[in-house]
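Working notes, structure below.
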Amino acid sequence: MIRYILTFICAFCTYLVLTAGSGDIWLWSAFEIVTGLIIAFVVSLASAKWFCRGADYRMANPLRWALLGLYICIPFFLELIRANIDVAIRIITGNINPGIVKVNPGLTTGFGQLLFANSITLTPGTLTLEADEKTGDFYIHMLSVPREMVKQKTADAADLFSFFKIHEWVRRIAE
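With my numbering, letter number 43 in the sequence shown gets 44, and the count goes up by one each step, no holes.
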């Protein structure tokens, strides 16, 4: 039953965001709200089993969503800015040392691994090539691999980012 409720809430909120500004009840008209409720009900009946496959509903906790928003706005954004500046400097100076690094951040949930892999891929100069779900290993292509990291069999996840320990943020959010 909870999967239907969660899917209904997500579908209704998505509908409200897409139709904002259409009416006189705050941002929506009464017709839009009723239509949204009907569409969300139909969507939840049709797709709840697809959206909520497992019995793990830890991401339904609003605190985790708040942490995710905070993560995107502060640590990820600052690392993104730093990576853009670093890539620009490396392109201008030609100081690159590309390579592939194996990292195991110790994440066990699918969402945690997805969030970490996307955080790596969205940061300029790095790209997640492969993520092994069973072992939790990530193979990451880097524009410039530090010499210390080349010698290690498995690099430390904290060495990938300058300011924040992104893997620990992901663990707080998704694990």
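All residues carry an ideal CB built from backbone N, CA and C; glycine is no exception.
This one's a predicted model, so the numbers in the text were calculated from it and none came from an experiment.
Here V104 is actually not in contact with T136; their C-beta atoms are around 11 Å apart, not less than 8 Å. Three or more Cβ pairs closer than 8 Å define a contact, and the stretch 63 to 79 meets that threshold against the stretch 167 to 175. The DSSP assignment places complete beta strand (DSSP E) segments of no fewer than 3 residues inside the stretch 67 to 141 at 100 to 104 and 127 to 132, in order along the chain. Under the 10 Å beta carbon count, A89 is surrounded by fewer than 16 other beta carbons and is classified as exposed. Non-local C-beta neighbours of F162 in its own chain, meaning closer than 7 Å and more than five positions away in sequence, comprise E80, ordered along the chain. Cβ atoms of L130 and I101 come within 8 Å of each other, at about 7 Å. For the options T110, R83, N96 and F165, the alpha carbon positioned closest to that of P125 is the one of R83. Under the three-state reduction of DSSP output, M150 falls in the helix class. Annotated as proximal: I121 and I141, with beta-carbon spacing under 8 Å. Annotation: T110 to F117 spans about 11 Å, alpha carbon to alpha carbon. F78 sits away from F42, with the two beta carbons spaced by 8 Å or more. Separation of the CB atoms of P63 and W170 is rounded to 17 Å, and the pair is thereby denied contact status at 8 Å.
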